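Structure, as structure tokens:
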Amino acid sequence: MNLYGFHDGQRVGPVSTVGVTAPDYEAMTTEVPITMAPEPPTKPRLEELTVTDATPESLQLSWTVPEGQFDHFLVQYKNGDGQPKAVRVPGHEDQVTISGLEPDHKYKMNLYGFHDGQRVGPVSVIGVTTAEEETPSPTEMEETPSPTEPPEEPILGELTVTGSSPDSLSLSWTVPQGHFDSFTVQYKGRAGPQVVRVGGEESEVTVEGLEPDHKYKMHLYGFHDGQRVGPVSTVGMTASMTTEPPVAPRLGELAAAAVTSDTVGLSWTVAQGRFDSFLVQYRDAQGQPQAVPVAGDLREVTVSGLAPARKYKFLLFGLQDEKRHGPVSADAKTHPDTKPSPRLGELTVTGVTLDSVGLSWTVPEGEFDSFVVQYKDRDGQPQVVPVAADQREVTVSDLEPSKKYKFLLYGLAGRKRLGPISAEGSTAPLEKERQPPPRLGELTVTAETQDSLRLSWTVARGPFDSFMVQYRTTDGQSRAVPVAADQREVTIEGLEPGRKYKFLLYGLQGGQRLGPVPVLGVTAPEEDTPAPWRLATEAPKPPEGPRLGTLAVSEVSPDSLRLSWRVAQGPFDSFVVQYQDADGQPQALLVGGDQSKVLVSGLEPSTSYTFFLHGLHEGKRLGPVSAEGTTGPAPAGQSLGESGPRLSHLSVTDVTTGSLRLNWEAPSEAFDSFLLRFGVPSPSTVEPHPRPLLQRELTVPGTRRSAVLRDLRPGTLYTLTLYGLRGPHKADSIQGTARTLSPVLESPRDLQFSEIGETSAKVSWMPPSSRVDGFKVSYQLADGGEPQSVQVDGRGRTQKLEGLTPGARYEVTVVSMRGFEESEPLTGFLTTVPDGPTQLRALNLTEGSALLHWKPPQTPVDTYDVKVTASGAPSLQGSAPGSAVDYPLHGLELHTNYTATLRGLRGPNLTSPASITFTTGLEAPQDLEAKEVTPRTVLLTWTAPQVPPTGYLITFNTPGGQTQEILLPGGVTSHRLQGLFPSTPYSAWLRAMWGESFTPPVSTSFTTGGLRIPFPRDCGEEMQNGVSTSRTTTIFLNGNRERPLNVFCDMETDGGGWLVFQRRMDGKTDFWRDWEDYAHGFGNISGEFWLGNEALHSLTKAGDYSLRVDLRAGEEAVFAQYESFQVDSAAEHYRLHLEGYHGTAGDSMSYHSGSVFSARDRDPNNLLISCAVSYRGAWWYRNCHYANLNGLYGSTVDHQGVSWYYWKGFEFSVPFTEMKLRPRSFRQHRVTSMAITAVY
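As numbered in full-length UniProt numbering, residues 1 to 1240 make up the sequence shown, in order.
Shown next as structure tokens:
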């Protein structure tokens, strides 16, 4: 409760107290105890914001948080100039004083609460600062009593730990001066920051709820008149639960318990103690590190997804209290893949007709994903028939009579195509008597709109190559519409409303035009609204033309009705019977014009149906007339709804452009026969009811479980209904849909290879006759490997393949592409040239001798063939064993130009050659000396030979036993070696070179000078060696001379000793990079760069380091410094640990402490939208950032720039940043280091 007093318009106070309301005893019962379910954690909520005090230049605000707790608050307002301002307040506070305001000015204050990266609020209040008091006159000043001296400001003294237990620490403190209104003790517990409030009259407190044997840093703040003073801090440690020392956990043995071709089961023991969890690490088949986390109570795990017949090394780590113990290791080799490779058997021709060939084949072992049958049509164009994996036969249709075909069968398994196997077959010959020519049937108008008419027709006999529809427009222009051979309908568009058109249909066959058959059609009038579709027992009497009579049901059975009708006047071209089936779906039967009855089958027993009969004449539909009929009852022994045998598993296989196979399952001998109805939906836009399916029927014997549907349209969706019949009665039905394949995209042809070298080859092909968008060229090692693909424009005919392996056989495929469609591949094989020796050199040239030296090829050779020739001098020829890398030459003539050629021999094959030209008798340099020797550098000088060489080669050995070479231009006579180790003996050799020819070496030896710290671990130790200027230098991780690292040392900022690991200054280096780039570092350490997360982990793991961030914008410069800085290993995703901020930039990094590192290609946080992707950086994102120093340079869009929120906000990209580290103990030895000097 807050109490305010008001006097003369001013508010005084508040004074506060806390009270608890009494429980409602009447509502309690003793009979049934009430158990309250634990409430879920509530989200924090802001409530009232009030102005509790006002002065001419400040406003004091207070607020309440009825539920939950916030991490921090933010007060936003605009100053007198209208500029937005923000004040951050810690989460444990509930009031703040906003100062620096103008007198007698109105301000709107907005308060936001932040919790887990989410912003809540705002709540708002308007406050007015008080006016400045008038200066009293001199007289008034004399009469006014002199004010008393202001009270002393309170000061915090020392904070000490006075006692400890396993779960508490007792604290006490002193206040040397003044009095505080209250105190708070802050510390970090397992659940995050914790706050304990203490009254102002207290000087001690016991903090409870702590963990045993744990170190805590306690901070004490004092509050006086709304201001926070402090903190003063101390460190205390809780007592152990027992007096016995804790037992460090220790791993036992790791063993491979069970191995398959793609899994390894691991089990292990724990020798002592317990672990929180375990981590199994290994490298996959691509060499990438993988990790499998395991719970602490488990002692086994199965690692899956491994490659067959491959050896793996597994490392087991135990994790306890965020520390990693181990590893222990075990080796295991996966079993070979015992699954047999699929193999094709024999392909045979099982049957032929005039236009089809039936094929069947065997698969002796293994399984294929699918099959492909290839052949060439009468025009020589390749055709492809895909076949499903479970099929072993197919019928290839649409062939030419009396023609011989060769069929190739391929099996597809994974990304490989195996085969082919082949078979030849001839279609049946034509009958000797002359075949009658094809004949068109009827042409009708089946649908009309205001601007289109749909035509459909039948073919009475024989096939046509194509069709053509002709008509004249209203202005007398002739139009022709071509139609494909497999089509039986077409829509003529672009017509005028209410006009009559005459259409002529021609059939084209063998270059001849047959027909025409005519039809008249009238488009719908512009204002014509179709009348509702109504039932009629009698057609309206037209003024002339044919007229329907009556429709009647003449025969009845349980599943069929026979309809008959008469024609009152004139002939009809055809009839259509319409009705709705038992499922309410519209059905239609097309009947010829010379018929007067039809049997409608597949009906339900004891069901009433209404039938409508339409007559079709000259493209118009007349009628309908209707009749009702009821099917007979079900047979004896079966009542309606009785559960009988069921059809199931309707599936489609062997799909082609014009046919498909329908498969189903049914109990043996359950049905006498099957009725299959299939068709294409054909909606009309002018009728109020949907048009029924244009259906066809097929009857199948009851012993079969599949049927082939032929003469289908390419790329068309069909509805399928299968009925199971017992006698004439329909016992069950099942429905489905299937789509035929679109016309096959042709493959390229004539694959050829040229310009084959060791690592490259040129592939060329001829395009197909049909249009393609492009080609895809794929290649891989013939015995298996990762395929590579290159896409080529549709105009391309060649492609160069690069990056090949020498002496290897490759499988190359080329496919045509059109949209998302790909053709069958065109396949070929090539073998690259075997690699030969390289880097051939002539060493130790003298007047009459030399030593040939080379780098051997990757693939060993049996012997080398050496040939040396010169103009006017005898040739030399010899051989060297395949293990040799040099060959001595003797008996050479002085001052003669020689050419040496070296080839490798593998069996009968010669490798590519390596050649060199050299001259005998060249003079070597003289007087090689080591001067100006320092701990890390030396200056080598020499005298040049009389004939200037093209260059020099300096060779020296490193302490690790490795040889380092340096190439220099020919005009120099000195060179300074850098990066040497202190107090180390060295030998150096110098050769003069002409091209790839070298003189015998001259040598010298020297020992580098000493340093106080020969291998400094960081820039702090480098400063102890006497370095006082900022520069690039070499440090050694963990002081190990085998792990040098080039770094930039800042020896000037805040006393120096800083190792810079990040710099942004001009935006020339791209920081939008992947995880691996940030792991190992990138950029130029003299410019913009990131040193690398691996280096940061190695540095901070080896000691205690502080972090400093320097930020500059124009003349402004600020910094943020953190007393403790550590980066975890890659296994922990380089997790960041920070604490102890001070500085002038504002604390934007503590929010990120405890976060893992994430980049655009790897987000260990597994957020729905990666912070790295959203904010174009790589950082220790949480959800998401208050600092983004690796963001987009110069960007002010969407918080993606190089930002530091508590200095310039999100919308400002900082132009200069440096992140640097140095030992926390640096200041203790800084003074002593200044007395040491060294030159290097």
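Ideal Cβ positions, reconstructed from N, Cα and C, are used throughout, including at glycine.
None of these values were measured; they are calculated from a predicted model.
Cβ separation of residue i and residue j, assumed to be a contact under 8 Å, to the nearest whole Å
i	j	result
Val1027	Leu977	19 Å between Cβ atoms; not a contact.
Tyr107	Leu156	The pair is not a contact, with the Cβ atoms about 32 Å apart (cut-off 8 Å).
Thr302	Gly265	5 Å
Val763	Val812	6 Å
Val354	Pro401	The amino acid at residue 354 is misidentified as Val; the sequence shows Leu. Confirmed, about 4 Å.
Glu153	Gly178	6 Å
Gly326	Phe314	That belief does not hold up - the Cβ atoms of Gly326 and Phe314 are roughly 11 Å apart, past 8 Å.
Ala389	Ser370	5 Å
Ser499	Val522	As written in the sequence, residue 499 is Arg, which differs from the Ser given in the question. Indeed they touch by this definition, with Cβ atoms about 7 Å apart.
Val207	Val185	6 Å
Gly345	Thr334	At roughly 31 Å, the Cβ-Cβ gap does not stay under 8 Å, so Gly345 and Thr334 are not in contact.
Per-residue burial, residue i [other beta carbons within 10 Å of its own, 16 or more giving buried]
i	result
His729	buried
Lys1068	exposed
Phe1226	buried
Glu31	Confidence in Glu31 is poor, its pLDDT being 36 and thus under 50, which makes the residue's placement unreliable; the coordinate value appears in the next sentence. Glu31 comes out exposed.
Thr243	Only weak support exists for where Thr243 lies, its pLDDT of 47 falling under 50; the coordinates are left without a value.
Asn1093	buried
Leu3	exposed
Gly5	exposed
His472	Contrary to the premise, residue 472 reads as Arg rather than His in this sequence. Classification of Arg472: exposed, given that the 10 Å Cβ count is below 16.
Leu430	exposed
Lys1208	buried
Asp654	buried
Glu923	exposed
Asp1110	buried
His649	exposed
Lys1220	buried
Glu158	exposed
Proximity to residue i [Cα-Cα], best of the options
i	options	result
Val1047	Leu1059, Val373 and Leu495	Leu1059
Leu781	Met1219, Leu830 and Val763	Leu830
Thr1007	Glu1022, Tyr986 and Ser1086	Tyr986
Ile916	Thr899, Arg454 and Phe73	Thr899
residue 1263	Glu755, Leu660, Gly1103 and Gly807	Summary: the structure shown does not reach residue 1263, with the chain confined to residues 1 through 1240, and so no result is reported for it.
Asp1050	Asp398, Cys1019, His1080 and Asp1066	Cys1019
residue 1245	Val576, Leu647 and Ala707	As displayed, the chain neither begins before 1 nor continues past 1240, which places residue 1245 out of reach and without an answer.
Gln281	Gln926, Pro949, Ser823 and Asp331	Asp331
residue 1258	Thr474, Val469, Asp475 and Gly476	Limits of the chain in this structure are 1 at one end and 1240 at the other, which puts residue 1258 out of reach.
Val205	Gly226, Ser651, Ser182 and Leu889	Ser182
Phe1125	Arg499, Val229, Ser1106 and Gln946	Ser1106
Arg479	Leu495, Leu662, Lys597 and Ile954	Leu495
Pair within 8 Å by beta-carbon distance, residue i and residue j
i	j	result
Arg1041	Phe1015	yes
Phe1119	Leu1091	no
Gly121	Leu46	yes
Ala627	Leu563	yes
Thr260	Arg299	no
Thr737	Leu709	no
Phe223	Phe180	yes
Ser997	Phe1071	no
Asp927	Thr943	yes
residue 1245	Ser456	Residue 1245 cannot be examined here, being either before or after the span of the chain that is shown, 1 to 1240.
Tyr718	Gly774	no
DSSP bridge partner residues for residue i (one or two, in chain order)
i	result
Lys403	DSSP output for Lys403 lists no bridge partner at all.
His614	Val576
Phe1061	According to DSSP, which records beta bridges pairwise, Phe1061 is partnered with nothing at all.
Val469	Val481 and Leu505
Lys333	Lys311
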